[in-house]
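Novice:
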DNA sequence: ATTGCAGATTAGGAAAATCTTAAGATTTCG
DNA sequence: CGAAATCTTAAGATTTTCCTAATCTGCAAT
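What follows is the structure, given as structure tokens:
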């Protein structure tokens, strides 16, 4: 099954919302409305990630974060209603790996969780038993997310970070059409997207160019007009 | 039958309007003009989605939203007359999945309801007994909304975005007649429609032409004079 | 059979979406 | 800091799709 994620927030609605969205991605969620209740779970369960609210009634979320860090080094994401820069930084220096300010869009939260998990499991392959396989293979194409290598028909493709991300997303959803906007949001979660932003188009172009160097039919990435891009399953 | 949808709004006209449009899409509607009346329904009925006004006389809609979230995970859409960004965001963090500001166009509302239902049922297949499936099959025809593919008797149909939409709508309502105006509004929710606009006719023509390439009797799409088009069930 | 109207058929131009390029901005790294 | 790599922006070219409008066809009521 999916990774084990701890969620601690005294605002029930938010904790529940987070839980629902994480479960819908097949993660196993351990949800608590208070820090004290969560402590036992932290000690007894081998977690893969924690999402902690900073403002908790019984214990400061940052303290909880510290407590986790005493014995564990899986990713910790802080939730905070405050938009104060100082808090963010404090959270990060205390051992958190990312922070999300409320209010947040649920899908953005999920994207960040996945990003942290990927990074974590990359350096902890022993924890990666149920991770999204770091190596993706598809008709002549081999991608290794860990090593950031990509081979097309035995030949190495030198891809930039963004190009790599686009190709990875298309392969992960291979068969389905992915719109430019979806790609954009998967890569730059918070950034604002407008139709006049054609940066995805340009990166797609670069990708196709690099792929066409080693492949006759560079139709790997298909354009579905008015809908998006896809790689045939 | 269709999904069960809760509608709560003290403005009778709006609640009634929402009800009519949802019923016309074969949803089962549970309508209430106050939050207190709705509470019992929430406890006793296995709902699939809720539409709540924020401004209610007897209880804040957001509170109602919270109450639902305590025990249920189905999508919640908030209605609000206020166009204030803060309110919208509050609604979302409190557990709502989408919001619609009044005044709204009914068909847009229906579209959002469908979008939320699709997402919800996708992750809750046990609830998907009557979900709109991403793949539609009908006498030799296979449509996959995700991959944007369409096969007619094993042969691929290359459809444009609009053609695809028209065929999808006709198939989703297969058996019943759909007028050109209905098709138009399903596809271009906001745009103005006038009889002199024969664009649907033209797209239907293109569809029929593409289908006739692989089928002897291109009577898949029947014309009901003076009423609309339909695909036999 | 005639007539009126709804839909069908075309084709060409308009509009929209994507592609291509290249220059300038930014980031990275030594 | 400076060079190289990468990213973003923007403008114009290209491709695909859509819409309009004029004409044609055929249903259906009289």
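Chains as they are written, first to last, in this note's numbering: chain A, 1394 to 1626; chain U, 1394 to 1626. Glycine included, each C-beta is placed from N, C-alpha and C at the ideal position.
1) Kindly identify the DSSP beta-bridge partner or partners of residue 1536 of chain A.
2) Roughly how many angstroms separate the alpha carbons of residue 1533 of chain U and residue 1592 of chain U, rounded to a whole number?
3) Smallest Cα separation from residue 1441 of chain U: which of U:1584, U:1494, U:1503, U:1395?
4) Taking a Cβ distance cut-off of 8 Å, strictly less, list which residues of the segment 1609-1626 of chain A are near chain U, in chain order.
5) Hey, quick one: how far does the alpha helix (DSSP H) through residue 1557 of chain A stretch, first residue to last?
6) Any beta carbon of chain A sitting closer than 8 Å to that of residue 1539 of chain U?
7) Are residue 1472 of chain A and residue 1403 of chain A closer than 8 Å when you measure CB to CB?
8) Quick one: what's residue 1628 of chain U bridged to in DSSP?
9) Which partner residues does residue 1492 of chain A have in the DSSP bridge list?
10) Just mark residue 1569 of chain A as buried or exposed, buried being the case when its beta carbon has 16 or more other beta carbons within 10 Å.
11) Quick one: is residue 1406 of chain A near chain U, going by C-beta distance under 8 Å?
12) Can you say whether residue 1429 of chain U is buried or exposed, counting buried as having 16 or more other CB atoms within 10 angstroms of its CB?
13) Residues in its own chain within less than 8 Å of residue 1624 of chain U by CB, not counting five upstream and five downstream?
14) Using a Cβ-Cβ cut-off of 8 Å, state whether residue 1466 of chain U counts as contacting chain A.
15) Against chain A, with Cβ distances strictly below 8 Å, would residue 1507 of chain U count as a contact?
16) Since residue 1570 of chain A meets chain U, which of its residues come closer than 8 Å, beta carbon to beta carbon?
17) Buried or exposed: residue 1433 of chain A, going by 16 or more other Cβ atoms within 10 Å of its Cβ?
18) Around the Cβ of residue 1536 of chain U, are there at least 16 other Cβ atoms within 10 angstroms (buried) or fewer (exposed)?
19) Taking the continuous beta strand (DSSP E) assigned at residue 1401 of chain A, which residues delimit it?
20) Compare the C-alpha of residue 1590 of chain A against each of A:1604, A:1575, A:1397 and name the closest.
21) Do we get a CB-CB distance below 8 Å when we pair residue 1446 of chain A with the residues of chain U?
22) Here's the rule: buried if 16 or more other CB atoms are within 10 angstroms of the residue's CB, otherwise exposed. What is residue 1541 of chain A?
23) Could you list which residues in chain U have their beta carbon closer than 8 Å to that of residue 1411 of chain A, in chain order?
24) Measuring only the C-alpha atoms, how far is residue 1405 of chain A from residue 1554 of chain A?
25) Please confirm if residue 1456 of chain U has its CB atom under 8 Å from at least one CB of chain A.
26) Around the C-beta of residue 1622 of chain A, are 16 or more other C-beta atoms found within 10 angstroms, so that it is buried, or is it exposed?
27) Please list, in chain order, the chain A residues whose beta carbon lies closer than 7 Å to that of residue 1436 of chain U.
28) Spatial neighbours of residue 1477 of chain U within its chain, please: CB distance less than 8 Å, with the 5 preceding and 5 following residues excluded, ordered by chain position.
29) Compute the distance between the beta-carbons of residue 1427 of chain A and residue 1409 of chain A, then report whether it is under 8 Å.
30) Looking at the strands, I want to know which residues DSSP matches up with residue 1635 of chain A.
31) Any beta carbon of chain A sitting closer than 8 Å to that of residue 1463 of chain U?
32) Going by the beta-carbon positions, is the gap between residue 1456 of chain A and residue 1397 of chain A smaller than 8 Å?
33) Could you list which residues in chain A have their beta carbon closer than 8 Å to that of residue 1594 of chain U, in chain order?
34) Looking at chain A, is there any beta carbon in it that lies within less than 8 Å of the beta carbon of residue 1553 of chain U?
35) Distance cutoff 8 Å, beta carbons only. Does residue 1416 of chain U sit that close to anything in chain A?
Specialist: The answer reads as follows:
1) A:1529, A:1543
2) 27 Å
3) U:1395
4) 1617, 1618, 1619, 1620, 1623, 1626
5) 1554-1565
6) yes
7) no
8) This structure leaves residue 1628 of chain U out entirely; chain U is present only between 1394 and 1626.
9) A:1471
10) buried
11) yes
12) exposed
13) 1531, 1563, 1564, 1567, 1568, 1613, 1614, 1615
14) yes
15) no
16) 1539, 1540, 1541
17) exposed
18) buried
19) 1397-1401
20) A:1575
21) no
22) exposed
23) Under the 8 Å cutoff, chain U gives no residues; its nearest Cβ is about 10 Å from residue 1411 of chain A.
24) 38 Å
25) no
26) buried
27) The premise fails here: residue 1436 of chain U is roughly 17 Å from chain A at the closest Cβ pair, so nothing lies under 7 Å.
28) The pLDDT assigned to residue 1477 of chain U is 48, lower than 50, so where the model puts this residue is not dependable; a value taken from the coordinates is nonetheless given after this. Excluding sequence neighbours, residue 1477 of chain U sits near nothing in its chain.
29) no
30) With chain A running from 1394 to 1626 in the structure shown, residue 1635 of chain A is simply not present.
31) yes
32) no
33) Neighbours of residue 1594 of chain U on chain A: none; closest Cβ ~20 Å, over 8 Å.
34) yes
35) no
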